[in-house]
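Okay, so the sequence shown: first residue is 93 according to the numbering used here, each after it adds one.
One structure is given here, and the rest of the page talks about it.
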Amino acid sequence: MTASVAKGQRGSLTKWVNGLACGAALAWLPGYSLLIGVLLIPLIAVCLLDSNRGEVMARMMMPYAFAALVHPFHMLWNADGSMDAAVMLLMNPMTSVVGWCAAGGGWFVFEVAILGVKLTRQFQVRQRKATIAKDLATLAEEWDEQVAERP
């Protein structure tokens with residue numbers, strides 16, 4: 093069996109297990125599943141819409157979105173995790189706004205980090221270019237002096 097076939101089989105097994113886990117969560121914890129599903133819509137949208145770096149960006153957004161889920165989860169826990177309590181939490185617009193803004197904050201941090209890396213690399217390239225130009229000028233002067241000294 094080749095490595096790519098084995099990797100494909102592991103990938104399909106992982107998807108299958110994830111599907112079972114989601115199904116179990118929907119069956120046993122519908123309130124929590126609804127809350128997670130609605131508050132993680134920005135992450136799902138990023139994964140589906142951005143084909144180049146959607147998965148990486150979603151990973152960067154996850155900690156921010158999960159941090160925003162703590163308070164609604166705590167409130168849902170106090171209400172025994174019922175579906176009615178989850179719907180009431182989601183009817184409060186601040187719950188969704190805070191969760192989605194937290195995911196947006198993760199996106200913003202990701203974009204600023206990329207910009208910072210690009211600027212740092214550009215600065216390093218310019219420094220290296222200046223050093224090389226200085227070294228070339230020094231070498232040119234040395235060779236010009238040697239050529240001028242010959243009769």
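The beta-carbon is built from N, C-alpha and C at its ideal position, and this holds for glycine as well.
Three-way DSSP call (helix, strand, coil) for residue i in this model
i: Arg218; result: helix
i: Asp142; result: coil
i: Ser174; result: coil
i: Asn110; result: helix
i: Leu126; result: helix
i: Leu121; result: coil
For residue i, the first and last residue of its enclosing alpha helix (DSSP H)
i: Ala157; result: Gly146 to Asn170
i: Leu132; result: Run containing Leu132: none; DSSP gives neither H nor E here.
Whole-Å CB distance - residue i paired with residue j, under 8 Å assumed
i: Leu121; j: Gly173; result: 6 Å
i: Asp142; j: Met152; result: At roughly 12 Å, the Cβ-Cβ gap does not stay under 8 Å, so Asp142 and Met152 are not in contact.
i: Ala205; j: Tyr156; result: With a Cβ gap of about 13 Å, Ala205 and Tyr156 do not count as contacting.
Cβ-based burial, residue i [other Cβ within 10 Å; buried from 16]
i: Val138; result: buried
i: Gly208; result: exposed
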